[in-house]
Amino acid sequence: VPKTGFDCTSDRDCKAGSRDTRGNGVQTGKCVKYSAAEKTCEVLAWCPLELDKEPPNPPMLADAENFTVLIKNSIRYPKFNFNKRNILPYVNKTYLEQCVFNRITDPDCPIFRLKDMVTEANEDFQTMAVHGGVMGVQIRWECDLDMPSSWCVPRYTFRRLDNKDPVNNVAPGYNFRFAKYYKNGNNEETRTLIKGFGIRFDVMVFGQAGKFNIVPTLLNLGAGLALLGLVTVVCDWIVLTCMTKKNIYNEQKYSYVDDFQL
8 VPKTGFDCTS DRDCKAGSRD TRGNGVQTGK CVKYSAAEKT CEVLAWCPLE
58 LDKEPPNPPM LADAENFTVL IKNSIRYPKF NFNKRNILPY VNKTYLEQCV
108 FNRITDPDCP IFRLKDMVTE ANEDFQTMAV HGGVMGVQIR WECDLDMPSS
158 WCVPRYTFRR LDNKDPVNNV APGYNFRFAK YYKNGNNEET RTLIKGFGIR
208 FDVMVFGQAG KFNIVPTLLN LGAGLALLGL VTVVCDWIVL TCMTKKNIYN
258 EQKYSYVDDF QL
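Counting along the sequence shown from 1, when you hit position 216 you're at 223 in our numbering, and nothing is skipped either side.
Okay, structure coming up:
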């Protein structure tokens, strides 16, 4: 495909072995006809060259919004020797076969419908599926280990991670390429290059756990009492040094005794 720097009139204009990182292949050193009016430097590449087109709208797999996915997640807090997973102890096979995550009715179900996850992020699945996008599935574990372990449960949130700025809209969404290689009837190696647009789901896990410990409690209590003692010293110094009526405060605070009164 002709592009700036690759047009030519003879083989001398084409450098064999030269490559452009944004081109389609390595130059062979030959100048060939592209059309009746144009010539271009030949490159060693798969034929035909890829033509960048807009993805189909509506998307080809529109019904994928009803697909479900099971997310399995395990956490460990080694300091407290505590382990747990998001498939809670009361969940059995029968429950898993029929449950779908719902923030109100089934907040502990680890099976999610794709459309529901996108909707939770205030996005539309069909619109997002055209150019693709990246969704973040956030699993938060906030555990107070002084309480029963059944209180330590995951909380799920969803948000879109890729940029959808209407102004800066170059290369929007998410896509990737992959190829299938095979040999045709003439025993020639052939490939089918597929550019796929879709929604990628990134699972992010974070959280914290805590448990009562008497040692830091005593340290904090001792530090607090020491600060209380320091407060009186600081206040006395401010009143007796910086205040305009410091002499009056000084007379009230201290009593002076003459020698003859002893």
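Backbone N, C-alpha and C define an ideal beta-carbon position, used for all residues, glycine too.
The beta carbon of Lys-253 is closer than 8 Å to those of Val-246 and Leu-247 in its chain, skipping five residues each way along the sequence. When secondary structure is reduced to three states using DSSP, Lys-218 falls in the coil class, being assigned neither helix nor strand. Per DSSP, Ile-255 is one residue of the alpha helix (DSSP H) stretching across 253-260. Under the 10 Å beta carbon count, Gly-231 is surrounded by fewer than 16 other beta carbons and is classified as exposed. Residue state for Cys-48 is assigned as strand, using DSSP reduced to three classes.
Beta-bridge partners of Gly-143 (DSSP): Arg-166 and Asp-209. DSSP, reduced to helix, strand and coil, places Ala-186 within a strand of the structure shown. Of the residues Pro-66, Asn-88 and Thr-47, the one whose Cα lies closest to the Cα of Ala-216 is Asn-88. By the C-beta density criterion, Pro-66 is buried, having at least 16 other C-beta atoms within 10 angstroms. In the DSSP assignment, Val-174 falls outside any beta strand (DSSP E) and carries neither an H nor an E. DSSP places Glu-196 in the strand class (E or B) of the three-state scheme. In the structure shown, the three-state DSSP call for Tyr-97 is coil. With a 10 Å radius around the Cβ and a threshold of 16 neighbouring Cβ atoms, Met-135 comes out buried. Taking a 10 Å sphere around the C-beta of Gly-140, we find 16 or more other C-beta atoms and assign the residue as buried. Annotation for Phe-119: the continuous beta strand (DSSP E) segment containing it runs 118-120. DSSP places Val-107 in no alpha helix (DSSP H); its state is neither H nor E.
When rounded, the separation of the alpha-carbon atoms in Met-124 and Ile-78 is 12 Å. The beta carbon of Glu-196 is closer than 7 Å to those of Tyr-188 and Lys-190 in its chain, skipping five residues each way along the sequence.
Boundaries of the alpha helix (DSSP H) harbouring Thr-134: 132-138, taken from the DSSP string. Across the set Pro-161, Leu-121 and Lys-37, the C-alpha of Lys-37 shows the shortest separation from the C-alpha of Asp-18. The three-state secondary structure of Thr-126, taken from DSSP, is helix. Note: Trp-158 is not bridge-paired with any residue in the DSSP secondary-structure output.
Taken through DSSP and simplified to helix, strand or coil, Asp-18 comes out as helix. By the Cβ neighbour-count rule, Ile-221 is exposed, with fewer than 16 other Cβ atoms within 10 Å of its own. In this chain, the beta strand (DSSP E) harbouring Ile-82 covers 81-84. A distance of 8 Å or more separates the beta carbons of Leu-121 and Ala-43.
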